[in-house]
Structure formats: structure tokens, C-alpha cells
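Reading through the C-alpha cells given below for one structure.
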Ligand SMILES: [Fe+2]
Ligand SMILES: [Fe+2]
């Protein structure tokens, strides 16, 4: 039975020439790179995305989340009618989950060296989704479904743009996207089975 090659004594290691398919950086270089530009915090030289563009995209998403938080709270407080109790619970849960998304986005913005833009004067202009009050319970659910579908499209576009150049941001956006899809699904089911007020 042959023994597996020991990397330390393999021909590549002894000649100092890395195999053609090797992509890993040696320890000394890794350590030296980490010491350079330490004021950049979590952003190191291997970060491949355009940081300013990513921060801008995250800030647009942050504005969207806050507009959704406000719209869901408005719907929560104003919901009335036969189905109001169960739908109110959905509105409240969504408001809290959108708030949690906003939190994740703001933290990532800071990690990338940016600043979360929470200026209320420009929030609705920067948001992808709209603040629609809705005339009645059914209209509120319809507007929320539309807003969720907008969020789904914009998160998917962001994920496609970022790709593997910033895998941490991509992972955060993917987890948020999955929850927006759940939100849309819940409202689509609700509208499907609507028996009228
Ligand atoms: Fe969200
Ligand atoms: Fe949502």
C-alpha cells in the first residue's frame, strides 16, 4: 500500500515551487498583508468588490427596510375587520423581521468602513419599496405583497452584482432574500384565500 505524499517533503515543497494549481498564500505573506492597512478593519487586501458601490447598495437596502418597518407598523395599528387579528400578527412579525434585516445591513455597512444613512428626510426617496397606507385590510396586504416583490427583485440583483467578490455581504443578502420570499408567499396565500371583509 502506498503512503500519501507528505506536502512538506513533496518535490514542490523541496524546490520551493508551488504546484500550478496551488492558490493558497503562505503564512508569512498572510501575516504581512494583515499588518498592512490595519485601519481598514475587516476589509483586507483580498476584498475584491468595489467597497463604495457595495456600501451604497447596502444603504439603499437599509432605506428600503426602514420604509417597510414603518409601513408594517402602520398596517399593524390600523388593521380592522373580520380577519384583522390573524393578519395583525403577521404585520407585527414582519415589522420586527424587517427591523432585524435593517440591523444586519447597518452592521455590515460599518464593517466595510461606511456609515449607515438613516436620515429620515431622504428615506422614502432612497427606498426601493413604497410607503403605502392601504385603504382597507385587503389593500394593505396587496401593497405589502407588492413591496415584498420589489424587495425580492432588488436583493436578487444585488446578490448577482456582488457575486463571489464579497461572500460575507452576499451571504447576508441571501438570508434576507429568503425571508422576503417567505413574506411574499404568506401574503400571496392570504390574498388567494380571501373571502372578503
Ligand atoms: Fe426585509
Ligand atoms: Fe419582507
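Residue numbers (the working numbering): 198 to 394. Here a beta-carbon is modelled for each residue, glycine too, at the ideal position from N, C-alpha and C.
For this session: Tell me whether residue 279 is buried or exposed, calling it buried when 16 or more other Cβ atoms sit within 10 Å of its Cβ.
Result: exposed
For this session: Could you tell me whether the Cβ atoms of residue 276 and residue 334 are closer together than 8 Å?
Result: yes
Exercise. Who's in the neighbourhood of ligand 2, going by beta-carbon under 7 Å from any heavy atom, listed in chain order?
Worked result: 265, 291, 294, 295, 345, 348, 376, 377, 380
For this session: Using a threshold of 8 Å, state whether the C-beta atoms of residue 255 and residue 306 are closer than that.
Result: yes
For this session: Apply the 10 Å Cβ neighbour rule to residue 272 and answer buried if 16 or more other Cβ atoms are within range, or exposed otherwise.
Result: buried
For this session: Tell me whether residue 240 sits in a helix, a strand or coil according to DSSP, three-state version.
Result: coil
Exercise. If you run the structure through DSSP and keep just helix, strand and coil, what is residue 200?
Worked result: Low confidence applies here, because residue 200 scores a pLDDT of 42, under 50, leaving its location unreliable; read the following figure in that light. The answer is coil: DSSP assigns residue 200 none of H, G, I, E or B.
Exercise. Are residue 439 and residue 299 closer than 8 Å when you measure CB to CB?
Worked result: The first residue shown for the chain is 198 and the last is 394, placing residue 439 beyond what the model contains.
For this session: Look at the alpha carbon of residue 387 and the alpha carbon of residue 362, and state the distance between them as a whole number of angstroms.
Result: 38 Å
Problem set entry | Simplified DSSP state of residue 248, which is helix, strand or coil | helix
For this session: Tell me, to the nearest whole angstrom, how far the beta carbon of residue 252 is from that of residue 309; I am working on the premise that it is less than 8 Å.
Result: Their Cβ separation, rounded to whole angstroms, is 6 Å, which keeps residue 252 and residue 309 in contact under 8 Å.
Problem set entry | Rounded distance between the beta-carbons of residue 349 and residue 326, thought under 8 Å | Residue 326 to residue 349, Cβ: 10 Å. No contact.
For this session: Identify the continuous alpha helix (DSSP H) that holds residue 350 and give its terminal residues.
Result: Here the alpha helix (DSSP H) through residue 350 covers 334-359.
Exercise. Rounded to a whole number of angstroms, what is the C-alpha to C-alpha distance between residue 383 and residue 247?
Worked result: 35 Å
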